[in-house]
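Structure, as structure tokens:
2 protein chains.
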Amino acid sequence: MENELVTEEKILQAAMKVFTRKGYTGARMQEIADEAEINKASLHYYFRSKQLLFERIFQSVLTKFLGEVVTKLDSDLCIDDKIRFFCENYINLIQKNPGFPNFILNELHQNPQYIFELFNKQQIQQRIKNFMFQYKEEVAKGNYREMDMRQLITNIISLSIFPFAARPILQFNLDLSNDEFYEFMEDRKKHIPEFILNSIKINK
Amino acid sequence: MENELVTEEKILQAAMKVFTRKGYTGARMQEIADEAEINKASLHYYFRSKQLLFERIFQSVLTKFLGEVVTKLDSDLCIDDKIRFFCENYINLIQKNPGFPNFILNELHQNPQYIFELFNKQQIQQRIKNFMFQYKEEVAKGNYREMDMRQLITNIISLSIFPFAARPILQFNLDLSNDEFYEFMEDRKKHIPEFILNSIKINK
DNA sequence: GCTATATTTGACCATACGGTTAAACCAACA
DNA sequence: TGTTGGTTTAACCGTATGGTCAAATATAGC
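Chains A and B, in that order, are what the protein sequence lines are. Numbering of the first sequence is given in our numbering, commencing with residue 2 and proceeding in unit increments. Numbering of the second sequence is given in our numbering, commencing with residue 2 and proceeding in unit increments.
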């Protein structure tokens, strides 16, 4: 049918909005229906249950969250540019979807095991290994400090994502308005790579 | 009555366990009652409603989470030691209470406004300002790089807390067993201060 | 326009859940 | 031992919620 895609798409958008805001247990099927401007029974017509609808959304969110940025990470950029690229693009991505980090962190905690399949699809582990290898080569050349690469990768991710997950705390304690927080994260796109590179580069 | 404190304490412990695992919407009063090995009606006898019990728990968690460590931050330690102290003690604290970060990050997102009173009690803003002032003095002496202190503070917190919030993701993608993750975080107590100080100190 | 198929809807169902009640229980004390 | 007051409990209540169903409505092919 013609309308099918439209309705289905409306539902998916509404569901993403509600699930990312309220989480699985907090979300109400009625609320999703209202948001999509359809009858609650139609939800179950298109997606049989809350669980199935949720899985669809969760998969889509996780794919968006991991895919877009991580994919480009084993390009032929140098270490510096990869770090710059990652921070800048991740912050951009989350600025467009502010609810993603908390949503993922939270539901992750409930479901852990079944999520790992999704990670596998993105071949994260392989990309990380490539990056580690590239770094080691640079260490051998004397350009970067030797360090536990798992710590470095954790640092890059933490610095980029955490401020969004803890946004209200930061805004309050650093006394930032919404606009100021936006500016703060804009600055941060440059600040993080600078901060990291200051720490890991060896200046000859 | 004699038994009152015991029962009340049992409830609070059970409630903390369940709320930090499942969040407000995910937690069930029956589950808390079971965990405390009492009747569900007794819950309502001691704490009138789910909301009130939750607020009690949330306040207690937040106080523990903020107080213990942050309080000691405006001591007379030097910058280096304050950063070392903060990272080490925060990681210790969370290792003892692994559910705290996700719990706070999540509920925070639902409730923001009423939480700020609790932050005020801990005088976080003042302590941050003191730290900023101390840093500026050191910059003037030429010992540390000049930088936006709000970024630095965000970095310290992000690096310490985020790995716990995203633990399953990290464990999977860095291929760490539970024991290895523990070791990883043990190393991290030293790694973070080193990483940060490498970046901000000026070597003469 | 008629039939078959897909979609939408209001009404309904069963269960789960937070919360209440009244009776039972128990310790202290007169 | 009987009375009092705090505590515990089983049974119950009203509502919210995920899910179903059959009737109604729209759509497409003939």
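The beta carbon of each residue, even a glycine, is placed where N, CA and C say it ideally should be.
- The alpha carbon of E9 of chain B has as its nearest neighbour, out of B:T21, B:A37 and B:I105, the alpha carbon of B:A37.
- The C-alpha of M30 of chain B lies about 27 Å from the C-alpha of E56 of chain A.
- The C-alpha of M148 of chain B is placed about 45 Å away from the C-alpha of A15 of chain B.
- When Cβ pairs closer than 8 Å are counted between the two stretches, the region 170-178 of chain A is seen not to touch the region 105-122 of chain A, the count staying below three.
- Three or more beta-carbon pairs separated by less than 8 Å link the region 152-171 of chain A to the region 146-165 of chain B, which places the two stretches in contact.
- With a cut-off of 8 Å on Cβ pairs, the region 77-94 of chain B is not in contact with the region 47-62 of chain B, counting fewer than three such pairs.
- When secondary structure is reduced to three states using DSSP, K142 of chain A falls in the coil class, being assigned neither helix nor strand.
- Between N131 of chain A and chain B, the shortest Cβ-Cβ separation is not below 8 Å.
- Spatial neighbours of I105 of chain B in its own chain (CB-CB distance under 7 Å, excluding positions within 5 residues in sequence) are listed in chain order as V62, L63 and F66.
- DSSP places K83 of chain B in the uninterrupted alpha helix (DSSP H) bounded by I80 to K97.
- Contacts between D188 of chain B and chain A, judged by CB atoms closer than 8 Å, involve D149 and Q152 in chain order.
- Cα atoms of F134 of chain B and V70 of chain A: separation of roughly 37 Å, rounded to the nearest angstrom.
- With contacts defined by Cβ atoms closer than 8 Å, D75 of chain A and N131 of chain A form a contacting pair.
- Contact annotation: I129 of chain B and I154 of chain B have beta-carbon atoms nearer than 8 Å.
- For the C-beta of G27 of chain B, the chain A residues within less than 9 Å are, from N- to C-terminus, G24, Y25, T26, G27 and Q111.
- By the Cβ-count criterion, N103 of chain A is buried, with 16 or more other Cβ atoms from all chains shown falling within 10 Å of its own Cβ.
- If you look at Y115 of chain B, you'll find it isn't in any alpha helix (DSSP H); DSSP assigns it neither H nor E.
- Per DSSP, F185 of chain A is one residue of the alpha helix (DSSP H) stretching across N179 to I201.
- In the structure shown, the three-state DSSP call for A28 of chain B is coil.
- Comparing alpha-carbon positions, the option among B:R168, B:I12, B:Y47 and B:R49 lying closest to E32 of chain B turns out to be B:I12.
- One alpha carbon belongs to A34 of chain B, the other to L44 of chain B, and they sit about 7 Å apart.
- In the structure shown, the three-state DSSP call for I39 of chain B is coil.
- For a Cβ distance threshold of 7 Å, residue set N174 and D176 of chain B lies close to Q126 of chain A, ordered along the chain.
- Buried is the label assigned to Q152 of chain A, since at least 16 other Cβ atoms lie within 10 Å of its Cβ.
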